[in-house]
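For the sequence shown, the positions run 0 to 155 when numbering that gives the first Met the number 0 is used. Think of the CB as a built atom: it goes at the ideal place given N, C-alpha and C, for glycine as much as any other residue. Below is one structure, written out as structure tokens, with a few remarks after it.
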Amino acid sequence: MKPDALTDSTSPRDGLRVGSVPGGTFLADFLYPAPAERRVGAIIGWWEKRRLPYNLIIGGSGLLSATVVASFMTFNGAPGLLEWLQIGLFWLIAANACYTLGPAAEIALQKFLGRRLLPAGPLLFRAGLTIALGVALAPVIFVTIAYLATALGVGP
């Protein structure tokens, strides 16, 4: 049977080792890190090492989103900035709670599949970060569409 690159760590990978990125920029190293050792404590430590940067990225994108929304609301004289800030705070807490599911999922995968599956932490981290960024920046899209619709005379 031919080895599967996703589940067999011994299959050839064009001379690359797991966790190495050609070019090795900070962003590439951050998004494609070496996985944790296959122990529960190491997996949790791997995730906790990335929690602060994750929070800074999500918090920064949320701040950008809040700034854009507040600007549009100021231009249109619409009330409700406090509600948007409350939603933003709720989202930051929810994103942090969801972040905790990352190590739980990786530990569960490790327990159920063992060494048959390569470490899933880096992939789960990137997927969670992408989804969280999408949700944090979604208000910018919605407010921009509403503003354009109003400016074109097709909105409320």
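Excluding the 5 residues flanking residue i on each side, which residues of the same chain have their C-beta closer than 8 Å to its C-beta?
i: I144; result: none
i: G152; result: none
i: A104; result: A119 and L123
Roughly how many angstroms separate the alpha carbons of residue i and residue j, rounded to a whole number?
i: F29; j: V68; result: 29 Å
i: V134; j: L55; result: 15 Å
i: G61; j: P138; result: 9 Å
i: P118; j: K110; result: 11 Å
i: L136; j: G58; result: 11 Å
i: R115; j: L108; result: 10 Å
i: P121; j: A65; result: 29 Å
i: V160; j: F25; result: With the chain covering 0 to 155 only, the question about residue 160 has no answer from this structure.
i: M72; j: R38; result: 49 Å
i: L100; j: T149; result: 40 Å
i: I140; j: G44; result: 35 Å
i: L81; j: I42; result: 38 Å
Taking the alpha carbon of residue i as the reference point, which residue from the options has its own alpha carbon closest?
i: P32; options: R38, W46 and R114; result: W46
i: G40; options: L26, I86 and P102; result: P102
i: L91; options: P121, T149, F74 and I130; result: I130
i: L147; options: I42, F74 and L112; result: F74
Might you give, ordered along the chain, the residues of its own chain that have their beta carbon closer than 6 Å to the beta carbon of residue i, omitting 5 neighbours on each side?
i: D13; result: With a pLDDT of 47 at D13, under the threshold of 50, the predicted position of this residue should be treated as unreliable, though the coordinate-derived value follows. Counting only Cβ-Cβ distances below 6 Å, and skipping sequence neighbours, we find nothing.
i: R50; result: none
So, at 7 Å on beta carbons, what are the nonlocal neighbours of residue i in its own chain, with the 5 sequence-adjacent residues on each side left out?
i: Y53; result: Y98 and L128
- [ ] Evaluate contact between the stretch 119-130 and the stretch 80-87, counting only Cβ atoms and requiring at least three cross-stretch pairs below 8 Å.
- [x] no
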